[in-house]
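What follows is one structure encoded as structure tokens, with my remarks underneath.
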Amino acid sequence: MKKTIMMALMICLPLAVSADEDVAKLTGEGKQVIQSFFGDLKGELVKGMKEGGPVHTIDVCSKVAPNLAEAHSQMSGWHVARTSLKPRNPNNAPDAWETQVLQEFETRKAAGEDPAKLVQTEIVEEKGHKVFRMMKAIPTAEVCTKCHGVDLSEPVVQKLDELYPEDQARGYKVGDLRGAFTLKKDL
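Quick note: the sequence shown uses the working numbering, first residue 6, plus one each step.
Okay, here's the thing in structure tokens:
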């Protein structure tokens with residue numbers, strides 16, 4: 006009996022290690038996808054700020070961000086997006102898993118964790134198959150407050166109201182959890 010249990014453990018142990026290695030590999034790959042997407046998005050937003058300030062950048066973000074997410078999805082084989090508990094664009098509203106993770110991020114931030122380091126990964130079942138899910142928090146930086154902050158200029162408010170009539174993404178302060186990058190990959 007002991008021998009049978011030991012053999013069963015020896016057979017299952019490599020599977021557990023392999024699953025952990027797969028998660029680590031997927032996490033590393035996901036971080037690279039996020040870094041690439043964020044780098045491209047940030048570049049476009051910085052360019053928009055230089056060309057025409059926050060009002061111009063809102064236009065850039067509304068048009069460029071979805072296209073960048075789609076391009077990075079196609080290039081990487083991952084579904085790439087952004088979400089928030091207070092989305093600007095209702096198309097970016099979180100699903101149930103994302104909502105739970107964002108709430109956990111808020112709890113962890115309140116407990117003193119650095120929002121820039123908040124990452125969550127999990128293998129979940131969706132529609133009968135396994136999916137690797139990953140989220141990385143987006144903390145609010147000083148520049149973000151020009152379009153997401155408490156005291157927005159009147160031209161910014163007018164542009165946001167025009168492009169995003171259901172906008173909830175205002176009132177943030179530096180260091181607040183603005184939202185998260187969210188990735189999915191079918192396994």
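All C-beta atoms, glycine included, are put in the ideal place defined by N, C-alpha and C.
Please read all numbers here as calculations on a predicted model, not as lab measurements.
100 is the residue among 178, 181, 100, 163 whose C-alpha sits nearest the C-alpha of residue 189. With respect to the C-alpha of residue 135, the residue from 67, 44, 57, 192 having the closest C-alpha is 192. Rounded to the nearest angstrom, the Cβ distance from residue 140 to residue 103 is 7 angstroms, consistent with a contact under 8 angstroms. Taking C-beta atoms under 8 angstroms as the contact rule, residue 161 and residue 149 fail to qualify, at a distance of about 12 angstroms. Under the DSSP assignment, residue 164 falls in the alpha helix (DSSP H) whose first and last residues are 159 to 168. Around the Cβ of residue 164, a 10 Å sphere holds 16 or more other Cβ atoms; the residue is buried. The alpha-carbon separation between residue 121 and residue 66 amounts to approximately 21 angstroms.
Burial state of residue 176 is exposed, judged by a 10 Å Cβ sphere holding fewer than 16 other Cβ atoms. Pairwise C-beta distances place the stretch 30 to 40 out of contact with the stretch 48 to 60, as fewer than three of them are shorter than 8 angstroms. Per DSSP, the continuous beta strand (DSSP E) segment holding residue 142 begins and ends at 134 to 144.
For residue 182, the enclosing beta strand (DSSP E) has its first and last residue at 182 to 191.
Comparing alpha-carbon positions, the option among 44, 50, 144 lying closest to residue 77 turns out to be 44. If you look at residue 174, you'll find it isn't in any alpha helix (DSSP H); DSSP assigns it neither H nor E. With fewer than 16 other Cβ atoms from the protein chains shown falling within 10 Å of its own Cβ, residue 112 counts as exposed. Residue pairing of residue 87 in beta bridges, as defined by DSSP: 186. Per DSSP, residue 106 is one residue of the alpha helix (DSSP H) stretching across 101 to 115.
Annotated three-state conformation of residue 124 is strand, per DSSP.
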